[in-house]
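Residues in the sequence shown are numbered consecutively from 1, following my numbering.
Working notes, structure below.
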Amino acid sequence: MSKPFTHTLFLAGAALGLAVLTGCTASVPMYESDISNQSKEFAAPSDNKAGIYVYRRDGYIAQAVKKDVYLDGVCLGETAPGVFFYTEVEGDKTHTIATESEFSANQIALFTKPGQNYFIEQYMRIGVFVGQSDLRQVSEEEGKKQVRACQQAIPGTCKQAYQ
């Protein structure tokens with residue numbers, strides 16, 4: 001191959017990769033704003049329950065990529081930039097939140113106390129082939145701030161079963 005042709009192929013591949021990582025924004029099924037706003041009131045969970053918010057900020061990395069999130073091995077839903085899920089779980093119990101990533105699932109264990117809300121950020125980073133996702137627990141103050149900037153997604157839609 002000639003040098004200009006190789007250079008052109010490299011640039012085309014780099015442009016395609018950049019478009020996948022930063023291009024179009026993915027979308028997922030969303031609740032009406034009144035339901036989303038109600039969840040953003042951060043009310044105390046039901047008796048003997050804890051609340052878990054899992055959110056994904058609007059960012060420039062992997063905007064066109066949707067990533068599955070699971071709670072205790074059950075599909076919570078697909079995330080896209082600027083969305084969150086809210087669910088109540090049993091208190092006084094350890095729960096596992098997992099997200100698909102490029103090569104294997106990433107997960108965290110979260111011990112929940114009844115009556116408390118917990119905030120888990122799913123964040124994206126550059127991967128080898130597609131955007132990778134990971135999870136981290138954030139403070140209640142940070143979590144509320146970030147969730148307020150998001151819209152609530154309808155749970156239950158994942159691309160694949162938990163592995």
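Don't be surprised by glycine CBs; every beta carbon is placed ideally from N, CA and C.
Span of the beta strand (DSSP E) around residue i
i	result
glutamine 107	106 to 112
isoleucine 97	93 to 99
isoleucine 35	Not the beta strand (DSSP E): isoleucine 35 falls in the alpha helix (DSSP H), residues 33 to 39.
methionine 30	Unbroken run through methionine 30: none, as it is neither H nor E.
glutamine 122	117 to 125
Neighbour flag for residue i against chain C, beta carbons, 8 Å
i	result
tyrosine 162	The structure shown has no chain C; it contains just one protein chain.
Cβ-Cβ distance between residue i and residue j below 8 Å
i	j	result
tyrosine 70	cysteine 150	no
phenylalanine 42	glutamine 152	no
lysine 67	threonine 99	yes
tyrosine 53	isoleucine 120	yes
alanine 80	valine 28	yes
leucine 110	tyrosine 118	yes
isoleucine 154	methionine 30	yes
Inter-residue CB distance, residue i and residue j (contact presumed, cutoff 8 Å)
i	j	result
serine 101	glutamine 132	5 Å
glutamate 182	alanine 50	The structure shown does not extend to residue 182, since the chain is modelled only from 1 through 163, so no value can be given for it.
asparagine 106	aspartate 134	5 Å
Limits of the unbroken alpha helix (DSSP H) element including residue i
i	result
lysine 144	140 to 148
Cβ-heavy atom distance, residue i to the ligand ADP, below 7 Å
i	result
glutamine 38	As far as ligands go, the structure on display features none, and thus does not contain the ligand ADP.
Nearest residue (CA-CA) to residue i, options the options
i	options	result
aspartate 58	Gly82, Cys75, Gln38, Ile35	Gly82
tyrosine 162	Asp34, Ser33, Cys75	Cys75
cysteine 158	Val65, Gly91, Gly143, Arg148	Val65
Determine, using beta-carbon pairs with one atom in the stretch 29 to 47 and one in the stretch 105 to 122, whether at least three such pairs fall under 8 Å.
Yes: at least three Cβ pairs fall under 8 Å.
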